[in-house]
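Colleague:
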Amino acid sequence: MHTSIRHCFSRYLFLLLAGCLAFSVHANTPAFAKPEKELMVPVEGGKVYVRLNGLAHQHAVPVIFIHGGPGGTHNGFAGMTELANERMVIMYDQLDSGKSEQPNDPANWRVERFVNAIDTIRKHLGINKWHVVGHSWGSALALEYTAKYPQHTVSTVLGGTFISTPHWIMDANLLVKAAPQSVQDTLRQCESATPPAGDECNAAYTKLYSAYYTPGEASKARQDYYENVGGNGFNPVIYNAMWGPSEFSSTGVLKHYDATHLLAQIDPLKTLFMIGQYDSARIDTVQDYIALTPGAELAVVPGGAHGFYKDRPLITLAILRSWLERHDPTSK
Numbered sequence: 059m060h061t062s063i064r065h066c067f068s069r070y071l072f073l074l075l076a077g078c079l080a081f082s083v084h085a086n087t088p089a090f091a092k093p094e095k096e097l098m099v100p101v102e103g104g105k106v107y108v109r110l111n112g113l114a115h116q117h118a119v120p121v122i123f124i125h126g127g128p129g130g131t132h133n134g135f136a137g138m139t140e141l142a143n144e145r146m147v148i149m150y151d152q153l154d155s156g157k158s159e160q161p162n163d164p165a166n167w168r169v170e171r172f173v174n175a176i177d178t179i180r181k182h183l184g185i186n187k188w189h190v191v192g193h194s195w196g197s198a199l200a201l202e203y204t205a206k207y208p209q210h211t212v213s214t215v216l217g218g219t220f221i222s223t224p225h226w227i228m229d230a231n232l233l234v235k236a237a238p239q240s241v242q243d244t245l246r247q248c249e250s251a252t253p254p255a256g257d258e259c260n261a262a263y264t265k266l267y268s269a270y271y272t273p274g275e276a277s278k279a280r281q282d283y284y285e286n287v288g289g290n291g292f293n294p295v296i297y298n299a300m301w302g303p304s305e306f307s308s309t310g311v312l313k314h315y316d317a318t319h320l321l322a323q324i325d326p327l328k329t330l331f332m333i334g335q336y337d338s339a340r341i342d343t344v345q346d347y348i349a350l351t352p353g354a355e356l357a358v359v360p361g362g363a364h365g366f367y368k369d370r371p372l373i374t375l376a377i378l379r380s381w382l383e384r385h386d387p388t389s390k
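Numbering (my numbering), first residue to last: 59 to 390.
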C-alpha cells in the first residue's frame, strides 16, 4: 500500500485521524519497563516464564500478550509495558522459547497444548477475565483460546494475523513475486532440494524480510532490553519442527493448519485485526477474514511492517490503549 490517509481508514477501521497524524514514524521509543514480578508457571510439558507489570491496578481488566514464532519470545512486546499505568500487563515466553524451560520434546508441539498453557497461566494468576492480544503465530493461539474460553475473554486482538498456513503461504508467494527478479531466482533455489552454498540464501531472505518484517535497526533502548531482560532469544529447533525452513515454506506440524472456521465461533464486536501497512500478513487476506466476522474492526499501523510492535511502537500503543479502554466492562 502507498502512504496516504485513505490507508488509515476503511469501513472496518477504528484508527482515528489523530492517531495517523499525531505520531511521527521517528517518534521516541516507549520505555521498556523491567518486570515488577517474574515467575515460572507449571504447564503441561514444563514451566513457562511469566512477567507482570501494573500490579497496582488489580481493579482493571488485565491484558496478556502472546508472541509469535513458534519459537519467538515476549521481547517484541517490550514497549507495550506502558499500558501498565492503567492495568496489569502479562507477558510470557511459550514453552521451548525465551526464558521458559526448553525440553524440545515434540510431544509438546501441539496447538491444543499451547492454548491450554495460556489458560493455565490465567488460573495460576487468579484472573477471571482478560484481554487477549496475539501476534503472528500468537494470533492463531489467541483465536483458538477465544473460541475455547470465551467466558474468560473480554476482547481479542489478532495482530500480524496468521490463522491459516495455506493462506500465509499463498500471500508469501505473492510477496516473493513482488521482489526483484534476482531475489526471486535465489529464493527459488534456496527452497529447492539443492540450495546454493554460502551466504547467498541468507542475503536473499534478509532483503525480503527487511521489506515485510522489521525494517531499520533496533533502538539502543530495545537492544539493552534484549541483552539485560529479554531472555534466551529465538529457538530455531521448534520453529523448524512446527513451521519449516523459512517464512515462505512450511514443512512442519503446522503445514496444513487452518483455523479460519473458528472465526464464526467468536464475538466479532470484541475482535480487532491489526496489521502493519507493509505487513507480510496482507490486507486483502485479512479483509477476507473480516468478511467472516461482520462487525470486527481492522487497524492498519501506518509505516509498520510485520513487526509493527517494534518498528512503530507508539502508534501501536495508542491503538491498543484505545481498543482496550473501549472494550473494558463499563462497571468495575
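Beta carbons: idealized from backbone N, C-alpha and C, even for Gly.
For clarity, every value in this text was computed on a predicted model and none was experimentally measured.
#1: Below 6 Å CB to CB, which residues in the same chain sit around Arg171 once its five sequence neighbours on both sides are set aside?
#2: Give me, in chain order, the residues of the same chain whose beta-carbon lies closer than 6 Å to that of Asn293; leave out the 5 immediate sequence neighbours on both sides.
#3: Which two residues bound the contiguous beta strand (DSSP E) that contains Gly217?
#4: Please report the distance separating the alpha-carbon of Ala200 from that of Thr214.
#5: Tell me, please, whether the region 135-143 touches the region 176-185 by the rule of three or more beta-carbon pairs shorter than 8 Å.
#6: Who are the near neighbours of Glu94 in its chain, counting only those whose CB is closer than 7 Å to its CB and skipping five residues on each side?
#7: Assuming Gly353 contacts Leu327 under a Cβ cut-off of 8 Å, what Cβ separation, rounded to an integer in Å, is found between them?
#8: Rounding to the nearest angstrom, what Cα-Cα distance links Tyr15 and Arg384 in this structure?
#9: Where does Pro254 sit, in a helix, a strand or coil, going by DSSP?
#10: Near Trp381, what residues of its chain come up, given a Cβ to Cβ distance below 6 Å and the 5 sequence neighbours on each side ignored?
#11: Confirm, please, whether the CB-CB distance from Glu249 to Ser307 is below 8 Å.
#12: Measure the Cβ-Cβ separation of Lys187 and Tyr107 and say whether it is below 8 Å.
#13: Take His182 as the anchor and find which of Glu96, Ser338, Val295 and Trp167 has the nearest alpha-carbon.
#14: Taking buried to mean at least 16 other C-beta atoms within 10 Å of its own C-beta, is Gly184 buried or exposed?
Modeller: In short, the structure shows the following:
#1: Taking the sequence shown and counting its residues from 1, the one referred to as residue 171 is at position 113. Glu102.
#2: Taking the first residue of the sequence shown as 1, we reach residue 293 at position 235. Same-chain partners within the cutoff: Gly129, Asp154 and Ser155.
#3: To locate residue 217, count along the sequence shown from 1; it is residue 159. Looking at the DSSP string, the run of the beta strand (DSSP E) that includes Gly217 is Thr211 to Gly217.
#4: Sequence index remark: in the sequence shown, residue 200 carries index 142 (1-based). Sequence index remark: in the sequence shown, residue 214 carries index 156 (1-based). Rounded to whole angstroms, the separation of the alpha carbons of Thr214 and Ala200 is 7 Å.
#5: These segments do not touch.
#6: By one-based count along the sequence shown, residue 94 stands at place 36. Exclusion of the five residues before and after Glu94 leaves Leu110, Asn111 and Leu113 as the residues of its chain whose Cβ lies within less than 7 Å of its Cβ.
#7: Taking the sequence shown and counting its residues from 1, one reaches residue 353 at position 295. Taking the sequence shown and counting its residues from 1, one reaches residue 327 at position 269. Rounded to whole angstroms, the Cβ separation of Gly353 and Leu327 is 5 Å, and the two are in contact under 8 Å.
#8: The chain is shown only over 59 to 390; residue 15 falls outside these bounds and no answer can be derived.
#9: For the purposes of this step, residue 254 is taken as the residue at position 196 of the sequence shown. Under the three-state reduction of DSSP, Pro254 is assigned to coil, being neither helix nor strand.
#10: Translated into the one-based positions of the sequence shown, residue 381 becomes position 323. So the list reads Leu330, once near-sequence residues are dropped.
#11: Here residue 307 refers to the residue found at position 249 when the sequence shown is read from its first residue. Here residue 249 refers to the residue found at position 191 when the sequence shown is read from its first residue. Their beta carbons are under 8 Å apart, which means Ser307 touches Glu249 by this criterion.
#12: The count along the sequence shown starts at 1 and reaches residue 187 at position 129. The count along the sequence shown starts at 1 and reaches residue 107 at position 49. Taking 8 Å as the Cβ cut-off, Lys187 and Tyr107 do not qualify as a contacting pair.
#13: What you label residue 182 is simply residue 124 of the sequence shown in a count that begins at 1. That would be Glu96, whose Cα lies nearest to the Cα of His182.
#14: Taking the sequence shown and counting its residues from 1, the one referred to as residue 184 is at position 126. Around the beta carbon of Gly184, fewer than 16 other beta carbons sit within 10 angstroms, so the residue counts as exposed.
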